[in-house]
Amino acid sequence: MKKSARALAALLVSGLALTACSSGGSGGGASGDAAAPAASALDQASGTTTVEFWHSMTGKNAEALTALVTEFNAAHQGKIEVKPVFQGSYDDLIAKYKASVQQKATPALVQVYDIGTRFMIDSKQTVPTQAFADRDGYSLDDLQPNIRNYYSVDGKLASMPFNSSVPLLYLNTDAFREVGLDPAQPPATLAELGDLAKRLTKKDGSGQTVRYGFGAAVYGWFVEELLAESGSLYCDNGNGRTGKAAKVSFDTAKGAEVVQWWADLVKGGYAANTGRQTTDAQAAFKAGTVAMHLESTGVLRGYTEAAKFTVGTAPFPKTAAGDQGGPVIGGASLWISGPGHSDAQKRASWEFEKFLASPEQQAAWHTGTGYFPVNTKALDVAADKQWVAKYPQFQTAIDQLAATKPTPATAGCLLGVMPQARKGVETAIEQTVSGSKTAQQALADAAKELQPAIDGYNASVG
Amino acid sequence: MPTAPPPPARPRRLGEHGLAWAFLLPSVAVFALFIGYPLGRTLYLSAHANDLFGAPSRYVGLKHYTDLLASAEFRDTLLTTALFVLLTVVPGVLGALAVVLLLEGRIRGVRLLRSAFALPFAFSVASASVVFSVFYNPASGVLNGLLSQFHLGPVGWLTDSRYALLSVAASTVWMNLGYNVLVLSAGIGSIPDEITEAARLDGASGLRLARSITVPLLGPSLFFLTVVSTVNALQSFGQIHILTRGGPDGATRTLVYSVYQNAFAYGSSDFGTASAQAVVLLVVVLACTGVQFGTLERKVHYA
Chain A
754 MKKSARALAA
764 LLVSGLALTA
774 CSSGGSGGGA
784 SGDAAAPAAS
794 ALDQASGTTT
804 VEFWHSMTGK
814 NAEALTALVT
824 EFNAAHQGKI
834 EVKPVFQGSY
844 DDLIAKYKAS
854 VQQKATPALV
864 QVYDIGTRFM
874 IDSKQTVPTQ
884 AFADRDGYSL
894 DDLQPNIRNY
904 YSVDGKLASM
914 PFNSSVPLLY
924 LNTDAFREVG
934 LDPAQPPATL
944 AELGDLAKRL
954 TKKDGSGQTV
964 RYGFGAAVYG
974 WFVEELLAES
984 GSLYCDNGNG
994 RTGKAAKVSF
1004 DTAKGAEVVQ
1014 WWADLVKGGY
1024 AANTGRQTTD
1034 AQAAFKAGTV
1044 AMHLESTGVL
1054 RGYTEAAKFT
1064 VGTAPFPKTA
1074 AGDQGGPVIG
1084 GASLWISGPG
1094 HSDAQKRASW
1104 EFEKFLASPE
1114 QQAAWHTGTG
1124 YFPVNTKALD
1134 VAADKQWVAK
1144 YPQFQTAIDQ
1154 LAATKPTPAT
1164 AGCLLGVMPQ
1174 ARKGVETAIE
1184 QTVSGSKTAQ
1194 QALADAAKEL
1204 QPAIDGYNAS
1214 VG
Chain B
130 MPTAPPPPAR
140 PRRLGEHGLA
150 WAFLLPSVAV
160 FALFIGYPLG
170 RTLYLSAHAN
180 DLFGAPSRYV
190 GLKHYTDLLA
200 SAEFRDTLLT
210 TALFVLLTVV
220 PGVLGALAVV
230 LLLEGRIRGV
240 RLLRSAFALP
250 FAFSVASASV
260 VFSVFYNPAS
270 GVLNGLLSQF
280 HLGPVGWLTD
290 SRYALLSVAA
300 STVWMNLGYN
310 VLVLSAGIGS
320 IPDEITEAAR
330 LDGASGLRLA
340 RSITVPLLGP
350 SLFFLTVVST
360 VNALQSFGQI
370 HILTRGGPDG
380 ATRTLVYSVY
390 QNAFAYGSSD
400 FGTASAQAVV
410 LLVVVLACTG
420 VQFGTLERKV
430 HYA
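From first to last, the protein sequence lines stand for chains A and B. Residues in the first sequence are numbered consecutively from 754, following my numbering. Residues in the second sequence are numbered consecutively from 130, following my numbering.
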């Protein structure tokens, strides 16, 4: 049993620190809830260990995930069975997860979106990925540094990144050529994007707009990304990385500038306003009624298959030429449940996490979906190299993230009420577009309305 | 064995009462389980704060209610709810009445038309809402396509806060039309032929017949529809969730939708506030129904 010998060695090295950590952490309950069990737990388990896995993947991404699960189950037949359960959107999933915590019936493994990270840590329901890695001596160094940065608190990885995305600027290259623009020279700043949007907007004989130069969902994520590009923080205490964030800082001059820029394009008739639903904005781009578009890299595969024009990708725009920041990764990560689950289940979930994060699987995931590979070695896999050579659109995100220095700004804001903060910014965008408030006023009001929620959350987790 | 004297009256009545209760027990149990318990639980939750996972944590008394009264957002929500009720109930009932009266005319294929108008009843709210969301799409929707034929638009049906509530209400009116037409058709069918014929012999026709005979005799059906549509409008959820999610900028956030948002959306898990709002909703529904019974029903003529 080479494996358990190694685990034992790891235990000798890190075991003391770990137990100290876990007993201080969860306060009451079994002391082993937040500790990673040894590999022997699974080896000694009789029969098949079932891992219920809640996720939010749909369409192409669900197909790719099912293929990975099937492969894993086949390789571990009779030992581990992962049962994927689709639980609706990320928001729906977290609502159901909260209910499952109340009923003490959590799933063994759960996929939670980026902005649920602080909540998941505070929930004290999970075993940190770092604990498993330390116990097994499993190296986390192959993880893409920006992605590792996002899901780490105090240098410790809280969850295993799985589907990671970066935002991209999508281009309808046919529209670019039609108006005499070179898609190889995409706009790099918001000002340039605005100018090109005016040139790409097309009206028919009667003055009706048949194509908008720009169009994106009213999605707070894009404002978060633009602020990170400018190197600004979204919330205090170093984006919630040095301590719990107690205040948001999106209501600055930079935030107002970004939101006002967007609203002005809509009001001028150069940008389509398709509302908050991302699927509506995606449909408009795929249909060719929008020439430039902001979206996650996770929809790239779907776009290249559905659009009748050549889809181009460009780095997410900077707010101004001198911006020193970069994009924050988005997407979701996987959390292993501690309380209420057997050691065998925890180990089985960890085995599945390691499988998903391996270079081959991440290469399949990358090419099958467009999500960014969380394992840098995935980019060296032959199949991935061939794919990227054939579809150079997939290269943009790789270059963009490689060029981004991990900083507090690009790590993204960790905030317990991040979903509500995002909603507040979305309301501010709507108010600015409708003209009922200036961007500065709308963002200031959003920050003010959010404050009781932040205070309440921080008070409840102590 | 000597025959026992006939039992005195009291115990016998008690026996009858016991029997009555025994018969009532199943429905009382169901009522207690599915109405009584949830109502009690809602009241309990509305007086408690919530922990991280939404479980009740500590007693806060009436704080959620006083917070609601002080909140400008909640006042907007109540106003939106009232507008939504007006915009769906009035056109829904009057529209169905117009359809039913027109179908009274002696036209060929009236049966086919009647079925056609009742058809929306067969659509679920979800599928109808999805179809409407395609119609309303600002970039590729049918409505803006039609408008552009007349060199108008484009209109942000669901994305412009001035039109969003109107658009959601219009789709709701369509969805309710089928049921309303069915109820009123049945009502008209139950008007005795002699009455209409007598009126016709007296020379009444068209508008006059409708105003003096048909509509008054439809009173019970119209009253029923008004009450039921009002309660339905107050409880509408599906179309708002699918079409606008309460947006843009809260323009379509009705009371029910606000309950949902506080309890389940954006990870807030604020079941305390949501429960307080649910209690307000219950009071509003009871008040509306009470007022309608107090004012409208007096004018209804039960034949």
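Each residue gets a CB set at the ideal place from its N, CA and C atoms; glycine is no exception.
Residue closest to residue i, alpha-carbon to alpha-carbon, out of the options
i                  : options                                    : result
Arg1175 of chain A : A:Ser1102, A:Asp927, A:Glu1202             : A:Glu1202
Trp1118 of chain A : A:Thr870, A:Val822, A:Ala1060              : A:Val822
Val297 of chain B  : B:Gly307, B:Tyr265, B:Gly396               : B:Tyr265
Leu846 of chain A  : A:Ile868, A:Ala828, A:Gln830               : A:Ile868
Ala1009 of chain A : A:Ser853, A:Gln1193, A:Ala787              : A:Gln1193
Phe1105 of chain A : A:Ala820, A:Ala815, A:Phe825               : A:Phe825
Met873 of chain A  : A:Leu1167, A:Lys1061, A:His1094            : A:Leu1167
Gln855 of chain A  : A:Ser876, A:Val838, A:Thr870, A:Ala1044    : A:Ser876
Asp205 of chain B  : B:Asp322, B:Gly375, B:Val357, B:His370     : B:Gly375
Ala407 of chain B  : B:Thr171, B:Val263, B:Phe163               : B:Thr171
Leu347 of chain B  : B:Leu212, B:Leu313, B:Ala199               : B:Leu313
Leu949 of chain A  : A:Ala928, A:Gly960, A:Glu816, A:Asn1128    : A:Ala928
Tyr904 of chain A  : A:Lys1071, A:Gly993, A:Val1186, A:Thr819   : A:Gly993
Leu354 of chain B  : B:Val219, B:Gly144, B:Ala211               : B:Val219
Tyr1210 of chain A : A:Lys1061, A:Ala998, A:Ala981              : A:Ala998
Trp807 of chain A  : A:Pro1161, A:Glu1113, A:Thr1157, A:Ser1102 : A:Ser1102
Ala1195 of chain A : A:Val1011, A:Asp907, A:Gly890              : A:Val1011
Ala791 of chain A  : A:Thr1180, A:Gly1215, A:Pro1126, A:Ser1095 : A:Ser1095
Glu834 of chain A  : A:Thr870, A:Phe1069, A:Lys1190, A:Arg1100  : A:Arg1100
Val259 of chain B  : B:Asp322, B:Met304, B:Arg427               : B:Met304
Pro914 of chain A  : A:Asp989, A:Ile1082, A:Asp1198             : A:Ile1082
Residues that DSSP places opposite residue i in a beta bridge
i                  : result
Cys988 of chain A  : A:Val1001
Tyr188 of chain B  : B:His177
Val880 of chain A  : A:Ile1089
His1046 of chain A : A:Tyr923, A:Gly968
Phe806 of chain A  : A:Pro837, A:Leu862
Asn916 of chain A  : A:Ala1085
Ala362 of chain B  : Paired residue(s): none; Ala362 of chain B is not in a bridge.
Gly1065 of chain A : A:Leu924
Lys1007 of chain A : Bridge partners of Lys1007 of chain A: none, in fact.
Ser905 of chain A  : A:Leu910
Outcome for residue i when other beta-carbon atoms lying within 10 angstroms are tallied against a minimum of 16
i                  : result
Glu1048 of chain A : buried
Gln897 of chain A  : buried
Glu202 of chain B  : exposed
Tyr166 of chain B  : exposed
Gln864 of chain A  : buried
Asp378 of chain B  : buried
Lys1138 of chain A : exposed
Leu765 of chain A  : Because Leu765 of chain A sits at a pLDDT of 41, beneath the cut-off of 50, its placement in the model cannot be relied upon, and the following sentence gives the value as read from the coordinates. Exposed, since its Cβ has fewer than 16 Cβ neighbours within 10 Å.
Asp1033 of chain A : buried
Phe173 of chain B  : Inspection of the sequence shows that residue 173 of chain B is occupied by Tyr rather than by Phe. Exposed.
Ser253 of chain B  : exposed
Pro1205 of chain A : exposed
Ser262 of chain B  : buried
Gln1148 of chain A : exposed
Val963 of chain A  : exposed
Gln1030 of chain A : buried
Glu805 of chain A  : buried
Phe163 of chain B  : exposed
His430 of chain B  : exposed
Ser290 of chain B  : buried
Trp150 of chain B  : exposed
CB-CB length for residue i against residue j, believed under 8 angstroms
i                 : j                  : result
Leu862 of chain A : Leu1018 of chain A : About 42 angstroms separates the two Cβ atoms, so there is no contact after all.
Leu230 of chain B : Gly1028 of chain A : Not confirmed; about 38 angstroms, so no contact.
Gly966 of chain A : Lys951 of chain A  : 6 angstroms
Lys836 of chain A : Thr811 of chain A  : Wrong, their Cβ atoms sit about 18 angstroms apart, outside the cutoff.
Val420 of chain B : Leu384 of chain B  : That belief does not hold up - the Cβ atoms of Val420 of chain B and Leu384 of chain B are roughly 17 angstroms apart, past 8 angstroms.
Ser959 of chain A : His280 of chain B  : 5 angstroms
Residue i Cβ short of 7 angstroms to the ligand GDP heavy atom set
i                 : result
Thr859 of chain A : By its list of ligands, the structure shown contains no ligand whatsoever, and the ligand GDP lies outside what it can speak to.
Residue ranges of each beta strand (DSSP E) run of no fewer than 3 residues wholly in the stretch 956-984 of chain A, ordered along the chain? The stretch 956-984 of chain A contains these whole beta strand (DSSP E) runs: 962-968.
What runs of the alpha helix (DSSP H), each 4 residues or longer, lie entirely inside the stretch 1089-1117 of chain A? Every alpha helix (DSSP H) of 4 residues or more that sits fully in the stretch 1089-1117 of chain A is shown, in chain order, as 1096-1109.
Any chance you could list the alpha helix (DSSP H) runs of at least 4 consecutive residues sitting entirely within the stretch 1116-1189 of chain A, in chain order? Listed in chain order, the complete alpha helix (DSSP H) runs (minimum 4 residues) inside the stretch 1116-1189 of chain A are 1135-1143, 1146-1155, 1161-1164, 1171-1187.
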